[in-house]
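This report refers to the structure that appears directly beneath it.
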Amino acid sequence: MKNGWRNSTFKVNFYSWLFLLPSLIFLTIFTFYPILKTIYQSFFQSMQGEHDSVFIGLDNYKYLMEDEVFWEVIKNNIWYALGTVPTSIILAMMMACFVNAKIRAKSWIRTFFFYPTVIPTIAIANIWLFIYTPGYGLINHILSWFGIGSVNFLGQSETVMAAMIVMIVWKQAGYFMIFYLAGLQNIPTNLYEVAKIEGTSAWNTFKTITFPLLMPTTLFVFIISLTNAFKLVDHIIVMTQGGPNNASNLLLYYIYQVAFRFWDKGLASALTVIMLMIMVIIAVIQFFSLDRKIHYS
Amino acid sequence: MASLKFEDIEKNYDDLTVVKDLNLEINDEEFIVFVGPSGCGKSTTLRIIAGLEEISKGNLYIGDKSVNQVEPKDRNVSMVFQNYALFPHLNVYDNIAFGLRARKVPEKEIKELVTNAAGILGIKNLLARKPKELSGGQQQRVALGRSIVRKPEVFLMDEPLSNLDANLKVQMRSEITKLHKELKTTTIYVTHDQIEAMTMADRIVIMKDGVIQQVGTPKEVYNYPNNVFVGKFIGQPAMNFINGILKEDAFIFGEYMLPLPIQQIDFLRNYIGQELILGIRPEDIHYEGDYSLQKSSLNIKVDKVELLGSEAYAYMNVAGEEIISRINPRLDIKSQQNLNFYFDLEWAHFFNPKSKNRLRKTELKNVVNQ
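Residue numbers (full-length UniProt numbering), protein chains in the order written: chain A, 1 to 297; chain B, 1 to 370.
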């Protein structure tokens, strides 16, 4: 009897593991192993080309703490996140509310809003390179009508981050709009009819019905845009290479530089671990504070 | 509290007419039930009153004021929806207080009004809960609470009970009726359930394809249906309809002949020789008839018997049409038995097979005049 019971639990366990196996294999190869390996490597000094890596404990981290570029990069990244996350969210919500209302040419406007999302990254970079080009670029051309001289948006450390932020907001707001549109369509129309009959003003309707019921979407979009803010690399490679003078250098691009320009694997690993911790902190914020305040229907 | 008046109201969506020639007066303090199959325009009518749908033609008055151009919020009506339309992120208190807050009532007064409304509906202990922590019946009460707390002039209810289970439905039915007796607010209630209509209404409005078929008290519409549709729709099981021909003192269908009582013979004088539809309620076809009905008995084979507990129904087939008789549930009747059924034609009605309308004395006059 006892044996039979054991057998059956074994069977259940065996099948569960079997079903989990495919995703487990992929997660192990592409997530767990790299994470552990990165943490391990961050304790070593290992330059590419040298086979022997030397254990140096926390020296890589100590070095980063004193590295001016690292702090510059972190500062840039925080400004970049502050610039893109709320703007994209607010814009996406406004666009969704706009195209969800009864307006003419609704599907055309939706398409226009979504269109930046479907353009390839490099194409977007090229479009905006043109827009920002000093002298004959689109913006400078318009500025010249008002007698304002040429501004090199991407070439000055004061303007380059703002220029990147504008471009990214343009690129991702339409994408987030789709989530908000889905969220809006999940809100029962009856609730708005109640508001109409009870005499709630348009702003109060948004404040008491639309906004709170969109909170699950907002949280989702918030997390996505926040992680995106720490993941931007491709546009920087194409447009600024982190310059001028590291003014547009962001964390992931710095990791790329350290790893594949300076070939310092140990330091790059330490940077990656820091980035990982930032991501974990974001996830913790989501799970333990925001999630509880949000109503999921 | 207010009366309502519909004047030639029509509602079109593009080419589709959903409400047509709606003329109706609803008295102050009345409980009116709009009933009909889905797509008959009853819900649209309710939404027209609320102001959620615009009128394509005609005039609507609440009180003595035309409200065609009046915003929903200024009509002083409140509405209960089929799915309750509670705000899922607000607790019961805030849900009930919603309309008061929109009208900028002071919080102190709101508290008093909400507690009072919650007391009437017996949900005082639930005020802190969220809608999803409530049962269907409790959610229903909250929706009612939100509707009564503002003391509107008209209550609109759109199939408020159709999401509840059978027992709860019966209970809520009487509670809503009780509530109406207490508050005396004019109530317009939409349902597809004729039992709700019969049990709750002061007057029933039966609609079909956007057109009012009949307006009357439950007794009137049950006993004197205007047409075949009303006869079929009101009453469970429906009125029996049998196609046949009127002979001098009898109604002939298939191989059967039903002798008519004297007053019917007199009434039907002008229709002799015509095809007519006989409408007779299941309870007017008796198995244990009294002797006076002996004349109008037919020997019919019972196809099946359906026992509902307090009553039973015998299904039979006469002249190609299924008819139902209500029988004593304690009788031991087996299907496929041939039995004598007595047709009490005093409460039977005759309908014009073309227009499907009930023949009336007034119509008779017209025929005579022609």
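Idealized CB from N, CA, C, for every residue including glycine.
Given residue i, which residues of its chain have a CB within under 6 angstroms of its CB, disregarding the five upstream and five downstream residues?
i               : result
T87 of chain A  : V169
V367 of chain B : Here the model assigns V367 of chain B a pLDDT of 42, short of 50, so the residue's position is not dependable and the matter cannot be decided.
Q214 of chain B : I206, V221, N226 and V230
E72 of chain A  : N246
T159 of chain A : F153
A314 of chain B : V302, V305, S325 and I327
R47 of chain B  : E53
Could you tell me the boundaries of the beta strand (DSSP E) in which residue i lies?
i               : result
N226 of chain B : Taken as a continuous stretch (DSSP letters only), N226 of chain B belongs to no beta strand (DSSP E), as it is neither H nor E.
V19 of chain B  : L16 to I26
I252 of chain B : A250 to F253
N270 of chain B : Note, N270 of chain B: premise wrong, no beta strand (DSSP E); not H, not E.
K208 of chain B : R203 to K208
Y287 of chain B : First-last for Y287 of chain B: undefined, no H or E at that position.
Excluding the five sequence neighbours on either side, which residues of its own chain have a C-beta within less than 7 angstroms of the C-beta of residue i, listed in chain order?
i                      : result
E30 of chain B         : T186, D202 and R203
R146 of chain B        : N95, I96, F98 and G99
residue 372 of chain B : Here chain B covers residues 1 to 370 and nothing more, so residue 372 of chain B does not appear.
A123 of chain A        : none
E288 of chain B        : N328
G57 of chain A         : F43
Q82 of chain B         : D158, E159, P160, S162 and N163
L290 of chain A        : L219
S310 of chain B        : P329
V211 of chain B        : K20 and D21
N357 of chain B        : N226, N227 and F351
T38 of chain A         : S269, T272 and V273
Would you mind giving the Cβ-Cβ distance between residue i and residue j, rounded to the nearest angstrom? I have them listed as a contact below 8 angstroms.
i               : j               : result
Q194 of chain B : F233 of chain B : 6 angstroms
D284 of chain B : D344 of chain B : 4 angstroms
V194 of chain A : A85 of chain B  : 5 angstroms
F341 of chain B : S297 of chain B : 6 angstroms
S325 of chain B : P282 of chain B : 6 angstroms
T84 of chain A  : I165 of chain A : 5 angstroms
L126 of chain B : Q138 of chain B : 6 angstroms
Less than 9 angstroms between the C-beta atoms of residue i and residue j, yes or no?
i               : j               : result
S248 of chain A : M167 of chain A : no
I242 of chain B : I280 of chain B : yes
T191 of chain B : V33 of chain B  : yes
Q45 of chain A  : D59 of chain A  : yes
A2 of chain B   : G63 of chain B  : yes
L251 of chain A : I278 of chain A : yes
P72 of chain B  : K196 of chain A : yes
G244 of chain B : L276 of chain B : yes
L271 of chain A : I255 of chain A : yes
G216 of chain B : Y224 of chain B : yes
S16 of chain A  : K265 of chain A : no
N116 of chain B : V149 of chain B : yes
Short of 8 angstroms in beta carbon distance, which residues of its chain neighbour residue i, apart from the five on each side in sequence? Order them along the chain.
i               : result
Q185 of chain A : N100
M95 of chain A  : F113, A173, G174, M177 and Y180
L308 of chain B : P329
I139 of chain A : I131, Y132, V151 and F153
M316 of chain B : I300, K301, V302, D303, E322, I323, I324, S325 and F341
K108 of chain B : none
Q274 of chain B : I245 and L246
Return the first residue and the last residue of the alpha helix (DSSP H) that residue i is part of.
i               : result
K108 of chain B : E107 to L121
S147 of chain B : G136 to I148
V73 of chain A  : E68 to N100
F222 of chain A : M215 to A229
V151 of chain A : Segment: none, V151 of chain A is in no alpha helix (DSSP H) and carries neither H nor E.
L4 of chain B   : Taken as a continuous stretch (DSSP letters only), L4 of chain B belongs to no alpha helix (DSSP H), being part of the beta strand (DSSP E) at L4 to Y13.
N126 of chain A : T121 to Y132
K57 of chain B  : It is not in any alpha helix (DSSP H) - K57 of chain B instead sits in the beta strand (DSSP E) that spans K57 to I62.
N167 of chain B : A166 to L183
Q82 of chain B  : Taken as a continuous stretch (DSSP letters only), Q82 of chain B belongs to no alpha helix (DSSP H), as it is neither H nor E.
L100 of chain B : V92 to A102
F179 of chain A : V160 to Q185
P34 of chain A  : Y33 to Q41
Check whether the Cβ of residue i lies closer than 8 angstroms to any heavy atom of the ligand NAD, and answer yes or no.
i               : result
Q194 of chain B : In the structure on display, the ligand NAD does not appear, and there are no ligands present to speak of.
Inset, instruction - Take every Cβ of the segment 123 to 141 of chain B, pair it with every Cβ of the segment 54 to 65 of chain B, and state whether three or more of those distances are shorter than 8 angstroms. - result: no
Legend entry - Meets three-Cβ-pair contact criterion under 8 angstroms: the segment 147 to 154 of chain B and the segment 176 to 193 of chain B: yes
Inset, instruction - Pair every Cβ in the segment 235 to 246 of chain A with every Cβ in the segment 88 to 105 of chain A, then say whether three or more of these pairs are closer than 8 angstroms. - result: Contact fails: fewer than three Cβ-Cβ distances are below 8 angstroms.
Inset, instruction - Would you be able to state if there are at least three C-beta pairs under 8 angstroms between the segment 122 to 130 of chain B and the segment 88 to 102 of chain B? - result: By the C-beta criterion, the segment 88 to 102 of chain B is judged to be in contact with the segment 122 to 130 of chain B, since at least 3 inter-stretch pairs fall below 8 angstroms.
Legend entry - Sufficient close CB pairs (3 or more, under 8 angstroms) joining the segment 122 to 140 of chain A to the segment 175 to 183 of chain A: no
Legend entry - Given 8 angstroms, three or more beta-carbon pairs between the segment 223 to 233 of chain A and the segment 267 to 287 of chain A: yes
Inset, instruction - Would you check if the segment 20 to 29 of chain B and the segment 268 to 282 of chain A touch, i.e. whether three or more CB-CB distances between them fall below 8 angstroms? - result: The answer is no - the segment 20 to 29 of chain B does not touch the segment 268 to 282 of chain A, with fewer than three Cβ pairs under 8 angstroms.
Inset, instruction - Give the residues from the segment 206 to 220 of chain A that approach chain E closer than 7 angstroms (Cβ to any Cβ), ordered along the chain. - result: No chain E appears in this structure, whose protein chains are A and B.
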